[in-house]
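Input: a single structure, listed below in structure tokens.
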Amino acid sequence: MNHAMSVNSASDLHQVSDRLAHNAMRHVSERIIEMLLFAAAAVSVLTTVGIVYVLVSESIHFFQHVPLIDFLTDTQWTPLFDDAHYGIMVLISGTLVSSGVALSVAIPMGTIIAIYLSEFANPKVREVAKPVLELLGGIPTIVFGYFALLIVTPLLQKIFPELPGFSLLSAGLVMGIMIVPYIASLSEDAMRAVPMSMREGSYAMGATKLYTAIHVVVPAAISGLAASYILGISRAVGETMILAVAAGMQPNLTWNPMEPAATITSYIVQVALGDLPHGSIGYQTIFAAGLTLLLITLMFNIAGQWLRRRYREAY
Amino acid sequence: MQPMTTEQIRVLIARGKLKDTLFQGLGIICLSIGLLVIFLLVGDMLMRGLDRLNIEFFTEFASRRASQSGILSAWVGTLLVMLVTAAAAVPLGVAAGIYLEEYAKRNWITDIIEINITNLAAVPSIVYGLLALGIFVYTFGFGQSILSAGLTLALLILPIVIVATREAIRSIPAMIREGSMAVGATRWQTCRYHIIPYAMPGILTGVIIGLARAIGETAPIITIGALTFIAFLPPAPFSATGVDGASAGLFDWVMSPFTVMPIQIFNWTSRPDPAFEVNAAAAGFVLMGMVLTMNAIAIYLRYRMRKNIKW
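Chains as they are written, first to last, in this note's numbering: chain A, 10 to 324; chain B, -2 to 308.
Structure below.
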């Protein structure tokens, strides 16, 4: 476009080059801004890289002292004793039992609430119920821990007098209540995405609302439901404070929810509360435990994504 | 098969309707349990902690005697940590959201960033604590400071801020961008003067929800090794430090040891002496008050936004 312009005098030429320079500046500053914005977006990737790097590098030191096979098969977890044993199964059992209790509360309750809100409730009830669920999901976990230890455990002890003051049961039950909002809200979104015509077809055949919900809507939304359950599992496995407060922190290889036990997460808290020197084997155990935790959640997430792809229904 | 009589069909229909009603009842019961838990929790903490909820509770440090303990260092710590978290998470999250919505080309780098953000949201919070322990505390040498804690929580809520920003931006119609660019605005000018202002309410909602989540997080902060017993405040800017009459710099407080509300509550709940339960209840009530207020503001903002915006 330059040559098309008639350049009459030196001053005109000056103006044009000024304007072009301004344009070039604009271009450069636009590029710089884009790069800054990209850097911000890249921080999330750096976070992941950082997590993997920290966990793996500290765990490598740990596994130079402790053979992997002992880590996986030993039935004792006593890393801070003179006679140290590093059997991660002890902590995994606590994590699995408490998560099992939590999910046996959260999955049925969350699903029922989701079906109720999406298929039965009128819009007014839904407008009120969703914020209430959100508030429940926003309660700090430390407060839930207080709830489990000082309110739920005494209540449960009235039903089961032999229940100890710390137990996986009461921590798990409260954890379940904590997870309900996540499952309910995600499942409801999935069910509301099922097209109305499918429900209408079912009603036209004379099916009741409940029959339609269970035999038409739920199967159609199953991939969304699975995703919400997986999120619930990740929450349960990674939950820390409720267990640290209400489940006791002594390592205990058990499958009985009535007993107290440490979980992977509550062990990390217990060690962090103490005063372990940086670089000691005790310090490295929490990174090995953290890596195990991350692998367990990763496993469930991959399973969830596979399930979602496998049962995806497109409308 | 025998054809059904009208009577049998009526029974069948009645049974179906009964099941519907029963299920509705079940749904309402399940919902009420959630509501009941909130009431029980707030009610119990208020009843137990009522005696301690006075001015002194907010102006006293934690003490070995339960009846003289207060939450001064805890609420100041929480406030300062949140300040650092917001200062780090808001610019980073908003910038990342703008990049992904307005700038990013569809390629594998963008895909990686997006998948990564989704996965980060599922990482347990205590793992962020381990990351911070390895990187912020030891590699960068920030120590067990307000800075380490604030940055840890910022990384934790970054996905929430990014997702909220993206959703807010996505709801702005394309004609706004086209109009702006048609009068010669660059991409950044369009963002700066149109996209960001219009997306502001949505971004704000996400930021508040993120901070409400961060304020209650305990595990990552315990993991970086925050102390549970702190009987002093971080140095205020330009205050005397007591060392040769020197005064503190503007940002000295970020490197100070600290405690926060959830850790104070954890400390009090885990003591065997029941007198401290009262303190835990009172502090829990204060924390719940903060979190519920923030969430309520966010819910209200979103409600107003839905009502007011018409493109």
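The beta-carbon is built from N, C-alpha and C at its ideal position, and this holds for glycine as well.
{"Item": "CA-to-CA distance, A:Glu43 to B:His191, given in whole angstroms", "Value": "17 Å"}
{"Item": "Contact list for B:Glu274 against chain A, beta-carbon separation under 7 Å", "Value": "Leu159"}
{"Item": "Neighbour list for A:Pro149 in chain B, Cβ cutoff strictly below 8 Å", "Value": "Ile212, Gly213, Glu214, Thr215, Pro259, Leu284, Met285, Val288"}
{"Item": "Under the three-state DSSP convention, the category A:Tyr191 falls into", "Value": "helix"}
{"Item": "Within 9 Å, strictly: CB atoms of B:Ser70 and B:Phe255", "Value": "yes"}
{"Item": "Three-state secondary structure assigned by DSSP to A:Tyr320", "Value": "coil"}
{"Item": "Whole-angstrom distance between B:Ala293 and B:Leu47, CA atom to CA atom", "Value": "23 Å"}
{"Item": "Limits of the alpha helix (DSSP H) - the one that B:Arg62 falls within", "Value": "Per DSSP, B:Arg62 belongs to no alpha helix (DSSP H) and is neither H nor E."}
{"Item": "Within-9 Å CB hit, B:Trp72 to chain A", "Value": "no"}
{"Item": "Separation of A:Thr82 from A:Ala253, as counted between CA atoms", "Value": "25 Å"}
{"Item": "Inter-stretch contact at 8 Å, needing at least 3 Cβ pairs: the segment 136 to 147 of chain B / the segment 218 to 227 of chain B", "Value": "yes"}
{"Item": "Residues of the segment 98 to 114 of chain B with Cβ closer than 7 Å to any Cβ of chain A, in chain order", "Value": "Tyr100, Ile109, Ile110, Asn113, Ile114"}
{"Item": "Proximal chain B residues relative to A:Glu67, where beta-carbon distance stays under 7 Å", "Value": "Gly131"}
{"Item": "A:Leu165 versus A:Val183, A:Gln73, A:Ile151, A:Thr150, residue with shortest Cα-Cα distance", "Value": "A:Val183"}
{"Item": "Contact belief for A:Ala281 with A:Ile295 at Cβ below 8 Å, rounded distance in angstroms", "Value": "7 Å"}
{"Item": "Straight-line Cα distance separating B:Pro156 from B:Met291", "Value": "18 Å"}
{"Item": "DSSP three-state assignment for B:Thr2, whether helix, strand or coil", "Value": "coil"}
{"Item": "Partner residues on chain A for B:Asp17, Cβ-Cβ distance less than 7 Å", "Value": "Thr217, Lys218, Leu219"}
{"Item": "Separation of A:Met205 from A:Thr221, as counted between CA atoms", "Value": "11 Å"}
{"Item": "Interface flag, B:Pro234 vs chain A, CB-CB below 9 Å", "Value": "no"}
{"Item": "Cβ pair B:Ala86, B:Leu150 closer than 9 Å", "Value": "yes"}
{"Item": "Same chain only: Cβ atoms within 6 Å of B:Ala118, ignoring 5 sequence neighbours per side", "Value": "Pro156"}
{"Item": "Bounding residues of the alpha helix (DSSP H) (the contiguous stretch that carries B:Val124)", "Value": "122 to 129"}
{"Item": "Beta-carbon spacing of A:Ser211, B:Ile159 below 9 Å", "Value": "no"}
{"Item": "A:Asn11 versus B:Ala182: straight-line alpha-carbon distance, rounded", "Value": "In this prediction, A:Asn11 has a pLDDT of 48, which is less than 50 and means its spatial position is unreliable; nothing more can be read from the coordinates."}
{"Item": "9 Å Cβ cutoff met for A:Leu100 and A:Thr301", "Value": "yes"}
{"Item": "Where A:Trp86 sits in the DSSP three-state scheme", "Value": "strand"}
{"Item": "When A:Val61, A:Ile116, A:Gly103, A:Gly185 are compared against B:Tyr125, the one with the closest alpha-carbon", "Value": "A:Val61"}
{"Item": "Same chain only: Cβ atoms within 6 Å of A:His70, ignoring 5 sequence neighbours per side", "Value": "Gln293"}
{"Item": "Closest by C-alpha distance to A:Ala226, when choosing among A:Asp198, A:Leu158, A:Met207, A:Met118", "Value": "Reading the sequence as shown, one finds Val at residue 226 of chain A and not Ala. Of the listed residues, the one whose Cα sits closest to A:Val226 is A:Met207."}
{"Item": "Residue-chain proximity (A:Ala253, chain B), Cβ-Cβ < 9 Å", "Value": "yes"}
{"Item": "Supposed close pair A:Leu7, A:Glu268 - CB separation, criterion 8 Å", "Value": "The displayed coordinates of chain A run from 10 to 324. Any statement about residue 7 of chain A would go beyond what the structure contains."}
{"Item": "Span separating the alpha-carbon of A:Ser15 from that of B:Ile193", "Value": "Residue confidence for A:Ser15 is low, a pLDDT of 49 falling below 50, so the modelled location carries little weight; the figure read from the coordinates is stated next. Cα to Cα, the separation comes out at about 41 Å."}
{"Item": "Chain-ordered neighbours of B:Leu340 on chain A, where CB pairs are closer than 9 Å", "Value": "Any question about residue 340 of chain B goes unanswered here, given that chain B covers just -2 to 308."}
{"Item": "Given B:Leu298 as reference, the closest of B:Thr202, B:Glu214, B:Ala233, B:Ile206 once Cα atoms are compared", "Value": "B:Thr202"}
{"Item": "Pairwise C-alpha distance: A:Leu22 and B:Ala165", "Value": "46 Å"}
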